[in-house]
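Each remark here refers to the structure printed beneath this line.
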Amino acid sequence: MSDTDDTPETRMARLLLALRSQGVTDAKVLRAIETTPRPLFTQELFKERAFEDSALPIACGQTISQPFIVGLMTQALKIDRRDRVLEIGTGSGYQTAILSKLARLVYTVERYRTLMKEAEARFKELGLTNVITRFGDGGEGWPEQAPFDRIMVTAAAPGEPKALLSQLKPNGILVAPIGKGPVQVLRRYTGDGHGGFQVEDLIDVRFVPLLEGVAKEL
Ligand code: SAH
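Using my numbering, you'd call the opening residue of the sequence shown number 2 and step up by one each time.
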């Protein structure tokens, strides 16, 4: 029997096993992934591949992240139930949906109107009521709603994301891919409570770039 003959449950079980073996072991994170139907977030053409541990194309030339990277970044953020989380780069909304199951409120910013609208429809379909969306340049963060307990950036920042770090609570955590090239480093900034940060490099990653301004095209 080929993989594609398996039920969604079997495919999901296999995916979770793969994530676990790569170090995504937080039970709450795995549960959030298990209860978020990835096929809903992929394009029709790629639905068959939604349970594969790989990034897939979405509209506007962007990508839905690889489940392992989603799991790893979510785990690295150490989210508490009471947290208000800012996410930059809504894309398909897949990562947003997973964050929404772990946090109190998720604020998410996207520079493509089309992606934003599609993601909003998915949040509605899933009954996620703690997600607040914004069409805009996420590089500037969301000053009106700052400070945040946690910040996740799902597009590659060329260097230290200063504007975003300034919108983090003193003991907050920010996770972002940092780098200008095709391969970036996933970096975690943990606030020391006095305006400084402990910085850790977690793994090499490949993200689409964090671009300035909103997209002119739809
Ligand atoms: N978390 C997404 C991954 C999307 S890829 C998912 O799970 O599907 C990264 C996204 O960041 C793209 O949709 C891209 O348009 C968006 N992006 C890039 N630069 C941005 C910026 N300055 N502000 C907001 N979104 C941005």
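We put the beta carbon where it would ideally sit given N, CA and C, even for glycine.
Here the structure is a predicted model, which means the values were calculated and not measured.
Would you tell me roughly how many angstroms separate the C-alpha atoms of L203 and R189, rounded to the nearest one? 7 Å
Return the Cβ separation of T155 and Q96 in integer angstroms, given the expectation that the two are a contact with Cβ distance under 8 Å. 6 Å
In the structure shown, what three-state DSSP assignment does P148 receive? coil
Which residues mark the beginning and the end of the beta strand (DSSP E) in which L106 is found? 106 to 111
At which residues does the beta strand (DSSP E) containing K170 begin and terminate? 169 to 179
Distance, L129 Cα to A98 Cα: 7 Å
Compare the Cα-Cα distances from R15 to each of T191, L46, A51 and report the closest residue. A51
Within the same chain, show all residues whose beta-carbon is closer than 8 Å to that of L31, passing over the 5 residues directly before and after it, in chain order. L17, L20, R21, V25, G72
Does the beta-carbon of L211 have 16 or more other beta-carbons within 10 angstroms, so that it is buried, or is it exposed? buried
Test item: CB-CB of E141 and A164 under 8 Å: yes
Which word fits Q185, buried or exposed, when buried means at least 16 other C-beta atoms lie within 10 angstroms of its C-beta? buried
Measure the Cβ-Cβ separation of D54 and F69 and say whether it is below 8 Å. yes
Mark E88 as exposed unless 16 or more other C-beta atoms lie within 10 angstroms of its C-beta, in which case mark it buried. buried
Using the Cβ count rule (16 or more neighbours within 10 Å means buried), how would you classify T134? buried
Which residue comes first and which comes last in the alpha helix (DSSP H) that contains T26? Run containing T26: none; DSSP gives neither H nor E here.
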